[in-house]
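Structure first, then comments.
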Amino acid sequence: MGAPYHQFCPVSKAMELLDERWTMLVVRELVMGSERFNDLRRGLPRMSPTLLSRRLQQLERAGIVERTADGGDVRYRLTEAGEELRPVVEAVGAWGTRWIGELGDVDLDPKLLVWDMHRSVDVAAIPEGRTVVQLQFPDAPRGQRDWWLVITADETDVCDVDPGFDVNVSISSSLHTLTSVWRGDLEWGAAVKSGSLQVDGPAPLRRAVPEWFTLSVFAGVPRPAIR
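Right, here's the structure in full:
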(Lines of atoms letter the chains of each structure in order from A and count residues from 1; the text may use other names and numbers.)
(Lines give C-alpha, C1' and ligand atoms only; values in the text may rest on other atoms or scores of the structure.)
Protein backbone atom coordinates (compact mmCIF):
# COMPACT_ATOMS: atom_id res chain seq x y z
CA MET A 1 0.00 0.00 0.00
CA GLY A 2 1.11 3.56 -0.69
CA ALA A 3 1.45 6.23 1.93
CA PRO A 4 -1.94 6.97 3.52
CA TYR A 5 -3.70 10.23 2.70
CA HIS A 6 -5.61 10.18 6.00
CA GLN A 7 -8.85 11.22 4.31
CA PHE A 8 -12.18 9.46 4.58
CA CYS A 9 -12.92 10.19 0.89
CA PRO A 10 -13.24 6.84 -0.98
CA VAL A 11 -11.14 8.23 -3.83
CA SER A 12 -8.23 8.78 -1.44
CA LYS A 13 -8.68 5.32 0.08
CA ALA A 14 -8.68 3.68 -3.36
CA MET A 15 -5.63 5.62 -4.48
CA GLU A 16 -3.64 4.49 -1.45
CA LEU A 17 -3.59 1.14 -3.23
CA LEU A 18 -3.80 2.05 -6.90
CA ASP A 19 -1.46 5.01 -7.30
CA GLU A 20 1.73 3.10 -6.50
CA ARG A 21 4.02 2.93 -9.51
CA TRP A 22 3.07 0.14 -11.98
CA THR A 23 0.02 -1.02 -10.00
CA MET A 24 -2.61 0.14 -12.49
CA LEU A 25 -0.52 -1.19 -15.37
CA VAL A 26 -0.50 -4.61 -13.73
CA VAL A 27 -4.29 -4.33 -13.50
CA ARG A 28 -4.34 -3.28 -17.18
CA GLU A 29 -2.51 -6.45 -18.17
CA LEU A 30 -4.91 -8.58 -16.14
CA VAL A 31 -7.83 -6.81 -17.79
CA MET A 32 -6.25 -7.57 -21.18
CA GLY A 33 -6.27 -11.27 -20.35
CA SER A 34 -2.73 -12.03 -19.17
CA GLU A 35 -2.80 -14.63 -16.41
CA ARG A 36 0.67 -16.15 -16.15
CA PHE A 37 3.62 -14.33 -14.58
CA ASN A 38 5.71 -14.47 -17.76
CA ASP A 39 2.83 -13.11 -19.85
CA LEU A 40 2.45 -10.23 -17.41
CA ARG A 41 6.18 -9.57 -17.71
CA ARG A 42 5.95 -9.44 -21.50
CA GLY A 43 3.18 -6.86 -21.26
CA LEU A 44 5.29 -4.88 -18.77
CA PRO A 45 8.79 -5.33 -20.25
CA ARG A 46 10.40 -2.50 -18.27
CA MET A 47 9.08 -3.67 -14.89
CA SER A 48 11.44 -5.80 -12.83
CA PRO A 49 10.26 -9.33 -11.95
CA THR A 50 10.79 -8.56 -8.27
CA LEU A 51 8.54 -5.50 -8.37
CA LEU A 52 5.90 -7.34 -10.41
CA SER A 53 5.83 -10.11 -7.81
CA ARG A 54 5.49 -7.53 -5.03
CA ARG A 55 2.63 -5.72 -6.76
CA LEU A 56 0.77 -8.97 -7.40
CA GLN A 57 1.11 -9.87 -3.72
CA GLN A 58 -0.24 -6.44 -2.72
CA LEU A 59 -3.19 -6.80 -5.10
CA GLU A 60 -3.85 -10.29 -3.79
CA ARG A 61 -3.86 -9.08 -0.16
CA ALA A 62 -6.23 -6.27 -1.16
CA GLY A 63 -8.68 -8.75 -2.71
CA ILE A 64 -8.14 -7.45 -6.26
CA VAL A 65 -6.30 -10.52 -7.59
CA GLU A 66 -6.74 -14.23 -6.97
CA ARG A 67 -3.75 -16.55 -7.34
CA THR A 68 -4.38 -20.18 -8.26
CA ALA A 69 -1.90 -23.00 -8.75
CA ASP A 70 -2.40 -26.33 -10.51
CA GLY A 71 0.93 -28.04 -10.05
CA GLY A 72 3.42 -25.70 -11.68
CA ASP A 73 0.76 -23.76 -13.58
CA VAL A 74 0.30 -20.57 -11.53
CA ARG A 75 -2.28 -18.05 -12.71
CA TYR A 76 -3.44 -14.64 -11.57
CA ARG A 77 -7.00 -13.50 -12.22
CA LEU A 78 -9.06 -10.51 -11.23
CA THR A 79 -11.59 -11.07 -8.46
CA GLU A 80 -15.04 -9.50 -8.53
CA ALA A 81 -13.51 -6.38 -6.98
CA GLY A 82 -10.75 -6.43 -9.59
CA GLU A 83 -13.20 -6.79 -12.47
CA GLU A 84 -14.89 -3.60 -11.30
CA LEU A 85 -11.66 -1.81 -12.24
CA ARG A 86 -12.12 -2.77 -15.91
CA PRO A 87 -14.20 0.32 -16.80
CA VAL A 88 -11.73 2.44 -14.82
CA VAL A 89 -8.82 1.16 -16.92
CA GLU A 90 -10.84 1.67 -20.10
CA ALA A 91 -11.83 5.21 -19.12
CA VAL A 92 -8.26 6.20 -18.22
CA GLY A 93 -7.00 4.72 -21.50
CA ALA A 94 -9.62 6.58 -23.53
CA TRP A 95 -8.84 9.83 -21.71
CA GLY A 96 -5.12 9.37 -22.30
CA THR A 97 -5.73 8.69 -25.99
CA ARG A 98 -7.75 11.88 -26.36
CA TRP A 99 -5.84 14.35 -24.23
CA ILE A 100 -2.22 13.27 -23.72
CA GLY A 101 0.24 14.66 -26.27
CA GLU A 102 2.28 12.89 -28.89
CA LEU A 103 4.60 10.03 -28.05
CA GLY A 104 8.29 10.63 -27.43
CA ASP A 105 11.04 8.21 -28.37
CA VAL A 106 11.34 7.10 -24.73
CA ASP A 107 7.71 5.92 -24.86
CA LEU A 108 8.35 3.49 -27.71
CA ASP A 109 8.94 -0.17 -26.93
CA PRO A 110 9.10 -2.89 -29.62
CA LYS A 111 8.57 -5.65 -27.04
CA LEU A 112 5.27 -4.17 -25.87
CA LEU A 113 4.11 -3.29 -29.40
CA VAL A 114 4.68 -6.81 -30.76
CA TRP A 115 3.13 -8.36 -27.64
CA ASP A 116 0.05 -6.16 -28.06
CA MET A 117 -0.20 -7.12 -31.72
CA HIS A 118 0.08 -10.81 -30.94
CA ARG A 119 -2.94 -10.76 -28.65
CA SER A 120 -5.06 -8.80 -31.11
CA VAL A 121 -4.81 -11.16 -34.08
CA ASP A 122 -8.13 -11.76 -35.84
CA VAL A 123 -7.73 -15.49 -36.41
CA ALA A 124 -10.82 -15.58 -38.65
CA ALA A 125 -9.06 -13.26 -41.11
CA ILE A 126 -5.82 -15.26 -41.25
CA PRO A 127 -5.22 -17.79 -44.07
CA GLU A 128 -5.51 -21.44 -43.09
CA GLY A 129 -2.44 -23.21 -41.83
CA ARG A 130 0.57 -21.37 -40.46
CA THR A 131 1.14 -17.69 -41.24
CA VAL A 132 4.44 -16.03 -40.38
CA VAL A 133 4.69 -12.25 -40.17
CA GLN A 134 8.14 -10.71 -39.85
CA LEU A 135 8.35 -7.27 -38.24
CA GLN A 136 11.45 -5.15 -38.75
CA PHE A 137 12.22 -1.93 -36.87
CA PRO A 138 15.50 -0.55 -38.29
CA ASP A 139 15.58 2.27 -35.73
CA ALA A 140 15.02 0.06 -32.66
CA PRO A 141 17.88 -0.78 -30.27
CA ARG A 142 20.18 -3.53 -31.45
CA GLY A 143 18.74 -6.92 -30.55
CA GLN A 144 15.16 -5.62 -30.75
CA ARG A 145 14.90 -4.88 -34.47
CA ASP A 146 13.62 -8.22 -35.79
CA TRP A 147 10.50 -10.03 -34.61
CA TRP A 148 8.30 -12.81 -35.92
CA LEU A 149 4.65 -13.64 -35.27
CA VAL A 150 3.86 -17.30 -35.95
CA ILE A 151 0.09 -17.51 -36.28
CA THR A 152 -2.08 -20.64 -36.38
CA ALA A 153 -5.75 -21.23 -35.63
CA ASP A 154 -4.79 -22.32 -32.09
CA GLU A 155 -2.26 -19.72 -31.01
CA THR A 156 0.06 -16.87 -31.91
CA ASP A 157 3.68 -17.10 -30.85
CA VAL A 158 6.03 -14.12 -30.52
CA CYS A 159 9.64 -14.82 -31.50
CA ASP A 160 12.66 -12.54 -31.21
CA VAL A 161 14.82 -15.19 -32.89
CA ASP A 162 14.10 -16.48 -36.39
CA PRO A 163 11.77 -19.48 -35.88
CA GLY A 164 12.99 -21.03 -39.15
CA PHE A 165 9.67 -20.94 -41.01
CA ASP A 166 9.06 -19.33 -44.39
CA VAL A 167 7.90 -15.74 -43.97
CA ASN A 168 4.55 -14.95 -45.62
CA VAL A 169 4.59 -11.21 -45.08
CA SER A 170 7.37 -8.87 -43.98
CA ILE A 171 6.61 -5.46 -42.48
CA SER A 172 9.35 -2.86 -42.16
CA SER A 173 8.68 0.40 -40.37
CA SER A 174 10.07 2.85 -37.90
CA LEU A 175 8.97 2.02 -34.40
CA HIS A 176 7.12 5.34 -34.14
CA THR A 177 5.18 4.76 -37.37
CA LEU A 178 3.87 1.30 -36.55
CA THR A 179 3.09 2.35 -32.99
CA SER A 180 1.09 5.29 -34.36
CA VAL A 181 -0.80 2.95 -36.70
CA TRP A 182 -1.44 0.56 -33.83
CA ARG A 183 -2.78 3.34 -31.61
CA GLY A 184 -5.07 4.66 -34.33
CA ASP A 185 -3.16 7.93 -34.73
CA LEU A 186 -2.14 7.11 -38.31
CA GLU A 187 -3.97 5.10 -40.96
CA TRP A 188 -2.24 2.05 -42.40
CA GLY A 189 -2.84 3.20 -45.98
CA ALA A 190 -1.36 6.64 -45.29
CA ALA A 191 1.75 5.09 -43.73
CA VAL A 192 2.23 2.81 -46.75
CA LYS A 193 1.63 5.65 -49.21
CA SER A 194 4.20 7.85 -47.48
CA GLY A 195 6.79 5.08 -47.62
CA SER A 196 7.27 5.06 -43.85
CA LEU A 197 5.83 1.54 -43.71
CA GLN A 198 6.74 -1.11 -46.28
CA VAL A 199 5.02 -4.46 -46.73
CA ASP A 200 6.64 -7.28 -48.72
CA GLY A 201 4.97 -10.48 -49.81
CA PRO A 202 2.43 -11.74 -52.35
CA ALA A 203 -0.01 -9.00 -53.41
CA PRO A 204 -3.13 -10.67 -51.92
CA LEU A 205 -1.42 -10.97 -48.53
CA ARG A 206 -0.07 -7.39 -48.65
CA ARG A 207 -3.60 -6.13 -49.19
CA ALA A 208 -5.06 -8.39 -46.50
CA VAL A 209 -2.54 -7.90 -43.69
CA PRO A 210 -4.21 -4.78 -42.15
CA GLU A 211 -7.30 -6.91 -41.51
CA TRP A 212 -5.31 -9.50 -39.59
CA PHE A 213 -5.01 -7.28 -36.53
CA THR A 214 -7.79 -5.56 -34.62
CA LEU A 215 -5.51 -2.70 -33.46
CA SER A 216 -5.34 -1.28 -29.96
CA VAL A 217 -8.54 -1.31 -27.92
CA PHE A 218 -8.19 2.48 -27.83
CA ALA A 219 -7.59 3.00 -31.56
CA GLY A 220 -11.21 3.93 -32.17
CA VAL A 221 -11.37 6.59 -29.45
CA PRO A 222 -12.41 9.91 -31.06
CA ARG A 223 -9.69 12.54 -30.92
CA PRO A 224 -10.50 16.13 -30.01
CA ALA A 225 -10.95 18.56 -32.88
CA ILE A 226 -7.78 20.50 -33.71
CA ARG A 227 -8.30 24.21 -33.11
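Residue numbers for the sequence shown follow the UniProt record's numbering, so the first one is 1 and each next one is one higher.
Idealized CB from N, CA, C, for every residue including glycine.
Can you tell me which of the three DSSP states residue i falls into?
| i | result |
| --- | --- |
| residue 161 | coil |
| residue 134 | strand |
| residue 62 | coil |
| residue 55 | helix |
| residue 227 | Below a pLDDT of 50, predicted positions are generally treated as unreliable, and residue 227, at 49, falls in that range; the measurement from the model is reported next regardless. The answer is coil: DSSP assigns residue 227 none of H, G, I, E or B. |
| residue 156 | strand |
| residue 194 | helix |
| residue 247 | Only positions 1 to 227 of the chain appear in the structure, and residue 247 is not among them; the question remains open. |
| residue 141 | coil |
| residue 81 | helix |
| residue 24 | helix |
| residue 36 | coil |
Nearest CA to the CA of residue i: which residue from the options?
| i | options | result |
| --- | --- | --- |
| residue 216 | 164, 197, 122, 146 | 122 |
| residue 127 | 61, 82, 62, 169 | 169 |
| residue 139 | 89, 110, 119, 49 | 110 |
| residue 104 | 72, 184, 177 | 177 |
| residue 149 | 207, 179, 113 | 113 |
| residue 222 | 206, 97, 81 | 97 |
| residue 147 | 129, 130, 115 | 115 |
| residue 214 | 193, 194, 187 | 187 |
| residue 156 | 144, 130, 135 | 130 |
| residue 73 | 43, 179, 39, 59 | 39 |
Label residue i either buried or exposed according to how many other C-beta atoms from any shown protein chain fall within 10 Å of its C-beta, with 16 as the threshold for buried.
| i | result |
| --- | --- |
| residue 198 | exposed |
| residue 34 | buried |
| residue 209 | buried |
| residue 137 | buried |
| residue 151 | buried |
So, residue i versus residue j, is the Cβ gap smaller than 9 angstroms?
| i | j | result |
| --- | --- | --- |
| residue 173 | residue 181 | yes |
| residue 212 | residue 125 | yes |
| residue 17 | residue 62 | yes |
| residue 23 | residue 55 | yes |
| residue 132 | residue 166 | yes |
| residue 31 | residue 86 | yes |
| residue 27 | residue 47 | no |
| residue 41 | residue 52 | yes |
| residue 65 | residue 78 | yes |
Would you list the one or two residues that DSSP bridges to residue i?
| i | result |
| --- | --- |
| residue 68 | 75 |
| residue 19 | None, per the DSSP bridge assignment. |
| residue 100 | For residue 100, which the question treats as bridged, DSSP gives no partner whatsoever. |
| residue 173 | 197 |
| residue 121 | 213 |
| residue 151 | 131, 156 |
Does the beta carbon of residue i come closer than 9 angstroms to any beta carbon on chain C?
| i | result |
| --- | --- |
| residue 184 | The question asks about chain C, but that chain is absent: this structure has only one protein chain. |
Any heavy atom of the ligand COA within a distance shorter than 8 angstroms of the CB on residue i?
| i | result |
| --- | --- |
| residue 126 | Looking at this structure, you won't find the ligand COA or any other ligand, since it has none at all. |
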